[in-house]
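Novice:
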Amino acid sequence: MSFVRTACATASIVAIVALVNGSAMAQKGFYLKDGDRVVFYGDSITDQRLYTIFTESYIVTRFPKLNVKFIHSGWGGDRVGGGGGGPIDLRLKRDVFAYNPTVMTIMLGMNDGSYRPYDSNIFNTYSTGFQHIIDSMKSHSPGIRITLIQPSPFDDVTRAPGFEGGYNGVLIRYGSYLKDLALKEHLDVADLNTPVVASLERAKALDTTPPKDPKEMQLSQRLVPDRVHPGPAGHLLMAAALLKAWNAPAVVSAVELDAAAHRLVKAENAKVTGVVANGTGLAWMQTDNALPMPIDLNDAPTQLALRASDFVETLDQQTLHVAGLSGARYALKIDGQEVGAFTNEQFAQGINLAVLPTPMLKQALEVHFLTKTHNDLHFTRWRVIQVPRQNELTSPIQKTMDAMDKAEDDIVKQQHAAAMPRPHKFELVAQP
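Quick note on numbering that gives the first Met the number 0: the sequence shown kicks off at 0 and runs consecutively.
Structure follows, in structure tokens:
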């Protein structure tokens with residue numbers, strides 16, 4: 000499989016450095032802590048509940064015992080002054096303060112720039128409004144850790160800009176302001192523009208095959224289909240940028256075996272037992288403490304996004320090295336299911352299980368489904384019942400919302416239970 004990374008590639012992994020200012024600049028380890036309550040706040044791009052759900056699924060699968068609550072509070076069309084969900088002070092009171100967050104991310108700017116060349120008066124409205132949000136949060140929630148998200152890109156890469164400099168040039172200026180604001184206010188910042196633009200440029204260069212139907216867009220254009228709202232593959236790249244800003248680790252697990260001596264050499268974030276000869280192959284039991292990132296390996300835009308980015312190298316390494324194999328080629332079976340076949344040289348160099356159709360990936364996708372389910376339930380409770388009836392919250396309506404909150408809590412418990420480590424039987428079976 001093209002996504003399999005060798006040990007040489009693994010050795011060239013770039014250091015994961017938090018793209019942050021202020022307090023997190025000196026932070027060691029992963030940004031989120033046990034007991035954190037995270038509110039994702041923003042406009043329609045956050046309202047898509049994609050980069051946020053990818054981020055949550057990564058955290059639940061990588062840290063299955065970490066107790067963190069996630070609330071997704073994006074609203075389409077929002078600007079710093081609010082929007083369809085009400086003015087900003089109402090939005091903050093109802094959709095942020097009510098959850099007593101310890102962590103908040105804020106991504107606003109796409110609509111604030113008004114999709115036109117840079118205008119100083121429009122920018123002043125943005126900067127003044129953003130300062131008001133920060134002041135309000137600090138006043139209501141002293142000690143909250145805020146990550147300012149530099150706006151994700153308007154796609155001026157796979158399609159020509161609409162005016163000189165392009166609208167993404169305007170968003171970059173807004174993002175530069177947020178970086179300065181984070182420094183001044185001792186906040187954290189994540190750049191969701193620069194790395195996504197770089198991946199769009201690489202994707203465009205890789206995307207040389209025209210679509211079968213002339214009416215369809217190029218595969219690289221499907222990363223951000225309408226130039227504003229990314230598809231799932233584009234959101235995966237955005238989640239990667241946020242996770243890196245939070246010092247997310249690359250390693251799922253790393254196991255090294257010596258087949259000739261039938262022994263374990265190394266097990267990082269995994270437990271390995273019962274290493275025995277299996278004919279001319281090898282067998283053992285392995286329990287990883289984490290799961291790989293739940294990625295749809297059959298989705299063409301996702302495949303392109305992975306090729307055009309360093310996502311796998313920097314965030315999704317579940318490596319297996321086996322030295323000393325005497326045969327030329329071996330099938331790797333996990334729980335009796337063949338997940339791939341590789342040469343002894345490939346096993347010696349190392350293969351990345353995270354990009355193979357393993358039982359662990361299947362388990363991670365089950366967790367991802369529950370992540371999406373609980374967030375969809377919260378969205379329905381919030382946008383279909385709470386907000387439309389906010390001036391008439393009678394007892395029956397309140398009971399309905401309480402019941403939905405309880406149902407969501409139950410799904411979150413299932414989500415965490417589904418992420419817990421499971422033992423698996425590994426076998427290397429020699430092939431002709």
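The beta carbon of each residue, even a glycine, is placed where N, CA and C say it ideally should be.
Under three-state DSSP, which class holds GLY278?
Specialist: DSSP places GLY278 in coil when its eight states are reduced to three.
Novice: Just verifying my parser: in three-state terms, what is the DSSP assignment at LEU263?
Specialist: In this structure, LEU263 counts as strand in the three-state DSSP scheme.
Novice: I need the straight-line Cα distance from LYS32 to LEU305, nearest angstrom please.
Specialist: Using only the alpha carbons, I get a separation of about 28 Å.
Novice: Report all residues from its chain with a CB closer than 7 Å to the CB of THR101; omit the five preceding and five following residues, and keep chain order.
Specialist: Answer for THR101: ASP35, ARG36, ILE143 and ARG144, listed in chain order.
Novice: Is it right to say ARG421 is buried, meaning 16 or more other beta carbons lie within 10 angstroms of its own, or is it exposed?
Specialist: So ARG421 ends up on the exposed side.
Novice: First and last residue of the alpha helix (DSSP H) that includes ILE58?
Specialist: 50-61 is the span of the alpha helix (DSSP H), which, as asked, contains ILE58.
Novice: For ARG61, which residues of its own chain have a beta-carbon under 6 Å away from its beta-carbon, when the five flanking residues on both sides are left out?
Specialist: Cβ within range, chain order: ALA289.
Novice: Kindly confirm or deny that the region 302-320 and the region 217-237 touch, where touching means at least three C-beta pairs closer than 8 Å.
Specialist: These segments touch.
Novice: Out of LYS64, GLY82, ILE121 and ALA244, which one is the CA nearest neighbour of THR146?
Specialist: Checked all of LYS64, GLY82, ILE121 and ALA244; the closest Cα to THR146 is ALA244.
Novice: I need the DSSP call for PHE292, collapsed to helix, strand or coil.
Specialist: Position check: residue 292 holds Met in this sequence, whereas Phe was assumed. Correct three-state label for MET292: coil.
Novice: Quick one: using the 10 Å Cβ neighbour count with 16 as the cut-off for buried, is PHE310 buried or exposed?
Specialist: When all chains shown are included, PHE310 counts as buried.
Novice: Between ALA232 and the ligand FAD, is there a pair consisting of the residue's CB and a ligand heavy atom that are separated by less than 7 Å?
Specialist: Among the components of this structure there are no ligands whatsoever, and the ligand FAD is therefore not found.
Novice: Just to confirm my understanding: we take THR272, look at its own chain, exclude 5 residues before and 5 after, and list those with CB closer than 6 Å. What are they?
Specialist: The residues are MET284.
Novice: Helix, strand or coil for ALA17? Go by DSSP, reduced to three states.
Specialist: Reliability of the predicted coordinates at ALA17 is poor, the pLDDT of 34 falling under 50, and the value obtained from them is presented with this limitation in mind. Three-state result, ALA17: coil.
Novice: Classify THR208 as helix, strand or coil using the three-state DSSP reduction.
Specialist: Correct three-state label for THR208: coil.
Novice: How long is the line joining the alpha carbons of GLY21 and GLY28, rounded to whole angstroms?
Specialist: Annotation note: pLDDT 38 at GLY21 (below 50); position unreliable, coordinate value reported separately. C-alpha separation (whole angstroms): 16 Å.
Novice: Are LEU242 and PRO291 close, meaning C-beta to C-beta below 8 Å?
Specialist: No, these two residues do not count as a Cβ contact at 8 Å.
Novice: So, for ASP155: in the same chain, excluding its five sequence neighbours on each side, which residues have a beta-carbon less than 7 Å away from its beta-carbon?
Specialist: GLY165, TYR166 and ASN167, listed in sequence order.
Novice: Please report the distance separating the alpha-carbon of MET103 from that of GLU163.
Specialist: Taking the straight line from one Cα to the other gives about 35 Å.
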